[in-house]
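One structure below.
Residue numbers (the numbering used here): 277 to 541.
The structure is reproduced here in structure tokens:
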């Protein structure tokens, strides 16, 4: 209970420890602290969803804020892109799974296993998930930082039959050759570059569409609240509304920035 009284500051220098000899909790700072200055600790490098869920608040700024996206989210978005582009090749799922397996857990052949972290989330070697078992969670960060694993996964789930054909024709690319291309960061083809960006965009857009309000609607509610106008049903609970708005606005801003970075395709 004593430790619960210490407020959070992501940039705080103080640390804490348990002194077993004296059976006491010690809060100390490696840097000087002015008299009367509040002493805080960091609750960890966690996003706003974690802080809101476990501690009931959202800070004004948080360099660790992020939006979670799962494997099933990306696969579902890829399925929507496949439908829109009339992609009907029966072998696309098998190809995507084979390429992904190389990038996750198949050493050799010049591969560095850039998606090895997925094994932490997989109970076994699986590549097809459901809403009940969403697989690995990727994190979209501030300033359009989508992270290499998310981008690579979108690249894999955008592969189709034409990508197995070597440039210039006359030869084909197997799953290992495609894994090497994906790992290198190069698009397999111009069309593949367009498709993986579409998959990424659809994934992020689906996250936005799942929320009951838009970014601009939340900004308007926040502006009204600052001017003293409390929305109906929120009288006496404005602090809760402020926290919810701060979370939703930050969440959507991350998604919108990432979408903008992908550009128009």
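From the three backbone atoms N, C-alpha and C, an ideal C-beta is built for every residue, glycine too.
Proximity of residue 502 and residue 510 at Cβ, strictly below 7 Å: On the chain shown, residue 502 is found 226 positions in, with the first residue counted as 1. On the chain shown, residue 510 is found 234 positions in, with the first residue counted as 1. Not a contact, by the Cβ cut-off of 7 Å.
What is the C-beta distance between residue 525 and residue 485, in whole angstroms, given that I count them as a contact (C-beta under 8 Å)? Along the chain shown, one-based indexing puts residue 525 at 249. Along the chain shown, one-based indexing puts residue 485 at 209. Actually they do not touch by this definition, with Cβ atoms about 17 Å apart.
Scan the segment 400-474 and note each continuous beta strand (DSSP E) run of 3 residues or more that stays entirely inside, going in chain order. 413-417
For residue 427 and residue 392, the rounded distance between their alpha carbons: Indexing the chain shown from 1 puts residue 392 at position 116. Indexing the chain shown from 1 puts residue 427 at position 151. Cα-Cα distance, rounded: 14 Å.
Looking at the strands, I want to know which residues DSSP matches up with residue 294. Locating residue 294 in the chain shown gives position 18, where the first residue counts as 1. Answer by DSSP bridge pairing, in chain order: 301.
When the cut-off is 7 Å and only beta carbons count, does residue 528 lie next to chain C? The structure shown contains no chain C; it is built from a single protein chain.
Quick one: any contact between the segment 342-356 and the segment 455-469, if contact means 3 or more CB pairs under 8 Å? no
Where residue 476 falls, given that 16 or more other Cβ within 10 Å makes a residue buried: If you number the chain shown from 1, residue 476 lands on position 200. With 16 or more Cβ atoms within 10 Å of its Cβ, residue 476 is classed as buried.
Quick check on the burial criterion: 16 or more other C-beta atoms within 10 angstroms. Buried or exposed for residue 304? Position 28 of the chain shown, counted from the first residue, corresponds to residue 304. Of the residues assessed, residue 304 falls on the exposed side of the cut-off, its CB having fewer than 16 other CB atoms within 10 angstroms.
Indicate the three-state DSSP secondary structure (helix, strand or coil) for residue 346 in the structure shown. The residue labelled residue 346 in the question sits at position 70 within the chain shown. Strand at residue 346.
Could you please give me the residues that DSSP links to residue 317 through a beta bridge? Counting from 1 along the chain shown, the entry for residue 317 is found at position 41. Residue 317 pairs with 284.
Taking the alpha helix (DSSP H) that residue 375 belongs to, which residues open and close that run? As a position in the chain shown, residue 375 is number 99, starting the count at 1. Taken as a continuous stretch (DSSP letters only), the alpha helix (DSSP H) holding residue 375 covers 368-381.
If I measure Cβ to Cβ from residue 457 and keep anything under 6 Å in the same chain, skipping five residues before and after, which residues do I get? Start at 1 with the first residue of the chain shown, and residue 457 comes out as number 181. Excluding residues within five positions, the ones whose Cβ falls inside 6 Å are 464.
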